[in-house]
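Structure, rendered in structure tokens:
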């Protein structure tokens with residue numbers, strides 16, 4: 010059986026983890042597994058309520074920050090049905106449910122959700138993901154003239 014690998018970034022941080030999941034899990038099982046894992050892996054207070062947010066949502070109703078996009082909806086469909094062969098192009102944010110739903114528009118840093126082609130390589134050097142300046146997935150800051 011083929012398993013899917015997804016990257017998860019703690020919202021508004023440089024912490025990233027990779028989780029390997031069974032594509033036959035329902036979205037509900039996926040959410041449960043990830044929530045149980047992130048409390049320890051991201052050192053989150055277990056009393057916190059976290060949400061899983063799919064990156065790259067272009068219909069973000071909560072503002073320009075991708076971390077503020079709506080969380081994934083619980084469902085009985087499988088991971089494979091939802092993402093199919095596109096799963097290699099999917100990443101997620103882990104967000105505390107109490108995160109603001111909007112941010113001050115004067116922020117000069119805009120976080121973009123991008124998937125770097127190197128992430129599609131099965132032999133990705135995970136050490137690169139530990140350093141914010143070498144992080145190929147998140148935290149690209151545009152030049153001030155584009156803000």
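In this note's numbering, the protein residues as written are 10 to 156.
C-beta atoms are modelled at their ideal positions from N, C-alpha and C, and glycine is treated no differently.
Owing to the predicted nature of the structure, the values given are computational and were not obtained by experimental measurement.
In this structure the stretch 11-25 lies against the stretch 88-105, because at least three pairs of beta carbons, one per stretch, are closer than 8 Å. Taking 8 Å as the cut-off, the Cβ atoms of residue 78 and residue 62 count as close. Among the bridge pairs identified by DSSP, residue 15 is matched with 28.
If you keep only unbroken beta strand (DSSP E) runs of at least 3 residues inside the stretch 49-75, you get 59-63. In its chain, beyond the 5 residues on either side, 13, 88 and 89 have a beta carbon closer than 6 Å to the beta carbon of residue 32. Between the beta-carbon of residue 39 and that of residue 30 there is about 6 Å, and that keeps the pair under the 8 Å contact cut. The beta carbon of residue 82 lies closer than 8 Å to those of 36 in the same chain, with the five residues before and after it left out. Taking a C-beta distance under 8 Å as the contact criterion, residue 73 and residue 20 do not qualify as a contact pair.
Look at residue 40 here: in three-state DSSP terms it is helix. Residue environment analysis places residue 57 among the exposed positions, since fewer than 16 neighbouring C-beta atoms fall within 10 angstroms of its C-beta. Distance between residue 49 and residue 41, taken at the CA atoms: about 14 Å. A straight line joining the alpha-carbon of residue 11 with that of residue 22 spans about 30 Å.
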